[in-house]
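Presented below is the structure to which this report refers.
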């Protein structure tokens, strides 16, 4: 349930204030707190009635298949009426799933929590929708990163705030891919699974380039006793914390986010 | 509630105000609007007037540049026109239809239009107040030969307009009260007679809202007959009994959750293209709550639309882009700095093109 969020784990320097400022933290977590209470207390008939209400209101429509635009190249996204219709999801299940996805993504981006998408308390009831949104989100992030020619440049330059932004992006993409793979494991074919393995390895390789660059800078500072600005120092420190979260979890054996193993 | 919304809006319009001020900035001694009006481009003049309307709506106009008499006349005329438009809208508002809505759905739609109109009325009141402060400046205007500025606005009966606005507010408040009573009766009827659970959930929501609010309103309302106030209280009690406490609680959880969801989905903050709240949110509950929300019920579009609704398909697609760090007070320092020396976070943004 959402109340488990009261126990937020180690959060990188300076990040709690940012989490609070993100539009969606208070809103989606409050939505989940109430909707979870309803899901737990409602009878099957009451759930169906609530679902009917939500389905009848267009403002609750959730669009999916957002990764398709990358699969077919820019400007050639599916635009046929049938395809658009299929991507419009209505119902309480989709509303709850989207709230969990967005809340989980905020945690994945700005904290070093190992299981952000589990922390937001998915239930069996909306799991089909949650799994689909997770996979769609993971594919969107992976393909967007794969198409981003700026990644290589940022990974090579002296670490700065843009480096930190990309490390966060990679952390989020890997967290989401891991959660998507685990939640969809039963339905994925060996071929699909091996594709996810490849994506995961590529993301990890990109992340390792950032690790190398940050470490190189750090070593150079300590060996040469350079004076750096406070800004550089804090950025570097936050980069290290953002990168270290996963390593700490792996070392402690508590990590869920890890390289996807062959099926 | 209204206050928190305004706090949020004020922060958002911080940047808009700067743009607005630039739009109406005096050009080398030329009156603010004159440069625009002398061109044949009416849209420029109209944008400048709209910018002033925004400033007045946000209560920021007194801090803006003082107007020249001619500008004051132009602005005064536009304010009068806007107030008259709102008054005309009010007199024809569906809230004043003789028959009340027949379903809870229809009630919901009507109350939303009333909420929107109530905001327009608030703006009309601010326009009136500002118009009265403009009058002394406007009266100093001395038209030159061939000047076609319309000065008839100076003959306006502002006191009469004030009375009209006050009357409309009064009628509106009474109609709001009567419609709430009608909705309560319908909710009671649904709770007593209907087995449709969707309808019952909605009825429980209305009961939850009006059941608390109406008795408080009526207690202060000397124009509402006492026997009817008693009847309303009885209806509330009856409907609550028919609904049951558990069912009302479930309805409350459902609709409160959906309300928060709508805020998460469509709300805009005042920083970072609407994705972040003002830094003051960390210390102020009011700023933390304040969001810019759409005036009309949003209908989402495909994310590939030219102007997609909501403005971002998923927030998580963009959140990583904020380049955040903590800034140290000293420009130069060494790695021995401790966290205690840090001051609040600053934000810059990686280009969106890096994602799409």
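Residue numbers (the numbering used here), protein chains in the order written: chain F, 1 to 263; chain R, 1001 to 1356.
Heads up, the beta-carbon is just placed ideally off N, CA and C, and yes, glycines get one too.
Handout entry: Residues from the region 1283-1309 of chain R in contact with chain F, defined by Cβ distance under 7 Å
Key = So the list reads 1288, 1291, 1297, 1298, 1299, 1300, 1302, 1303, 1304, given in the order they occur along the chain.
Exercise for the section: Go through its chain and collect everything with a Cβ distance to residue 173 of chain F's Cβ below 8 Å, but skip five positions before and after it. Expected result: Residue numbering aside, residue 173 of chain F sits at position 173 when the first chain is read from its first letter. Contacts found: 138, 141, 142, 145, 203.
Practice task
Give the range of the alpha helix (DSSP H) segment to which residue 116 of chain F is assigned.
Solution key: Start at 1 with the first residue of the first chain, and residue 116 of chain F comes out as number 116. Here the alpha helix (DSSP H) through residue 116 of chain F covers 116-119.
Exercise for the section: To the nearest angstrom, report how far apart residue 69 of chain F and residue 1232 of chain R are at their CA atoms. Expected result: Taking the first residue of the first chain as position 1, residue 69 of chain F is located at position 69. Taking the first residue of the second chain as position 1, residue 1232 of chain R is located at position 232. Put simply, the backbone Cα of residue 69 of chain F is about 56 Å away from that of residue 1232 of chain R.
Problem - Other residues of its chain near residue 1123 of chain R: CB distance less than 7 Å, five sequence neighbours each side excluded - result: For the purposes of this step, residue 1123 of chain R is taken as the residue at position 123 of the second chain. If the five residues before and after residue 1123 of chain R are omitted, its C-beta is found closer than 7 Å to the C-beta atoms of 1057, all from its own chain and listed in chain order.
Handout entry: For residue 1276 of chain R, the three-state DSSP class (helix, strand or coil)
Key = For this step, residue 1276 of chain R is matched to residue 276 along the second chain. Note: residue 1276 of chain R maps to strand in three-state DSSP.
Practice task
Using three-state DSSP, classify residue 1293 of chain R as helix, strand or coil.
Solution key: Sequence index remark: in the second chain, residue 1293 of chain R carries index 293 (1-based). Residue 1293 of chain R falls in the coil class under three-state DSSP.
Exercise for the section: Can you tell me which of R:1074, R:1081, R:1163, R:1107 puts its alpha carbon nearest to the alpha carbon of residue 1147 of chain R? Expected result: Start at 1 with the first residue of the second chain, and residue 1147 of chain R comes out as number 147. The shortest Cα separation from residue 1147 of chain R among R:1074, R:1081, R:1163, R:1107 belongs to R:1074.
Handout entry: Three-state class that DSSP yields for residue 65 of chain F in the structure shown
Key = On the first chain, position 65 is the one that residue 65 of chain F refers to. Reduced to three states, the DSSP call for residue 65 of chain F is coil.
Problem - Which of helix, strand or coil DSSP assigns to residue 1271 of chain R - result: If you number the second chain from 1, residue 1271 of chain R lands on position 271. Strand.
Problem - Completely contained beta strand (DSSP E) runs for the region 1147-1189 of chain R, where each covers 3 or more residues - result: Segments of the beta strand (DSSP E) lying fully in the region 1147-1189 of chain R: there are none.
Practice task
Apply the 10 Å Cβ neighbour rule to residue 1144 of chain R and answer buried if 16 or more other Cβ atoms are within range, or exposed otherwise.
Solution key: Position 144 of the second chain, counting from 1, holds the residue named residue 1144 of chain R. By the C-beta density criterion, residue 1144 of chain R is exposed, having fewer than 16 other C-beta atoms within 10 angstroms.
Problem - Distance, residue 1183 of chain R Cα to residue 1110 of chain R Cα - result: Working through the second chain from its first residue, we reach residue 1110 of chain R at position 110. Working through the second chain from its first residue, we reach residue 1183 of chain R at position 183. Taking C-alpha positions only, residue 1110 of chain R is separated from residue 1183 of chain R by approximately 11 Å.
Problem - Interfacial residues, the region 22-34 of chain F to chain R, with Cβ spacing under 8 Å - result: Correct list: 22, 23, 24, 26, 27, 28, 30, 31, 32, 33, 34.
Handout entry: Three-state secondary structure assigned by DSSP to residue 1309 of chain R
Key = As a position in the second chain, residue 1309 of chain R is number 309, starting the count at 1. Residue 1309 of chain R falls in the coil class under three-state DSSP.
Handout entry: Pick from F:169, F:194, F:176, F:182 that is closest to residue 306 of chain F, judged by C-alpha positions
Key = Outside the shown range of chain F (1 to 263) lies residue 306 of chain F, about which nothing can therefore be said.
Practice task
Give the DSSP bridge partners of residue 22 of chain F, in chain order.
Solution key: The sequence position of residue 22 of chain F within the first chain is 22, counting from 1. For residue 22 of chain F, the beta-bridge partners assigned by DSSP are R:1276.
Exercise for the section: Kindly indicate which residue of R:1069, R:1134, R:1118 has the alpha-carbon position closest to the one of residue 1079 of chain R. Expected result: Position 79 of the second chain holds residue 1079 of chain R. The shortest C-alpha to C-alpha distance from residue 1079 of chain R to any of R:1069, R:1134, R:1118 is the one to R:1134.
Problem - Nearest-angstrom Cα separation, counted from residue 165 of chain F out to residue 1237 of chain R - result: As a working mapping, residue 1237 of chain R is identified with position 237 in the second chain. As a working mapping, residue 165 of chain F is identified with position 165 in the first chain. The straight-line gap from Cα to Cα measures roughly 56 Å.
Exercise for the section: Evaluate the contact criterion for the region 146-159 of chain F versus the region 95-115 of chain F: three or more CB pairs, one atom per stretch, below 8 Å. Expected result: Between the region 146-159 of chain F and the region 95-115 of chain F, the count of Cβ pairs shorter than 8 Å is below three; the stretches do not touch.
Handout entry: Against chain F: residues of the region 1067-1097 of chain R by CB proximity under 8 Å
Key = None of the residues of the region 1067-1097 of chain R has a beta carbon lying less than 8 Å from any beta carbon of chain F.
Handout entry: Residue(s) in a DSSP beta bridge with residue 89 of chain F
Key = Locating residue 89 of chain F in the first chain gives position 89, where the first residue counts as 1. DSSP output for residue 89 of chain F lists F:62 as bridge partner(s).
Practice task
Give a yes or no on whether 7 Å exceeds the smallest Cβ distance from residue 1281 of chain R to chain F.
Solution key: The residue labelled residue 1281 of chain R in the question sits at position 281 within the second chain. True, the Cβ-Cβ gap to chain F drops below 7 Å.
Practice task
Compute the beta-carbon to beta-carbon distance between residue 1358 of chain R and residue 31 of chain F, rounded to the nearest angstrom, for a pair I have assumed lies under 8 Å.
Solution key: Examination of residue 1358 of chain R is not possible in this model, given that chain R is present from 1001 through 1356 alone.
Practice task
Counting only the same chain and skipping the five closest in sequence on each side, list residues whose C-beta sits under 7 Å from that of residue 1096 of chain R.
Solution key: The sequence position of residue 1096 of chain R within the second chain is 96, counting from 1. Contacts found: 1175.
Handout entry: CB contact check: residue 95 of chain F to chain R, cutoff 7 Å
Key = Taking the first residue of the first chain as 1, we reach residue 95 of chain F at position 95. Yes, its Cβ sits closer than 7 Å to a Cβ of chain R.
Exercise for the section: Give the straight-line distance between the Cα atoms of residue 1270 of chain R and residue 94 of chain F, rounded to the nearest whole angstrom. Expected result: Start at 1 with the first residue of the second chain, and residue 1270 of chain R comes out as number 270. Start at 1 with the first residue of the first chain, and residue 94 of chain F comes out as number 94. Between residue 1270 of chain R and residue 94 of chain F, the C-alpha separation is close to 28 Å.
Practice task
With 7 Å as the threshold, decide whether the Cβ of residue 52 of chain F is near any Cβ in chain R.
Solution key: As a working mapping, residue 52 of chain F is identified with position 52 in the first chain. So yes, residue 52 of chain F belongs to the interface.
Problem - Helix, strand or coil at residue 38 of chain F [DSSP, three-state] - result: Against the first chain, residue 38 of chain F aligns to sequence position 38. It is helical.
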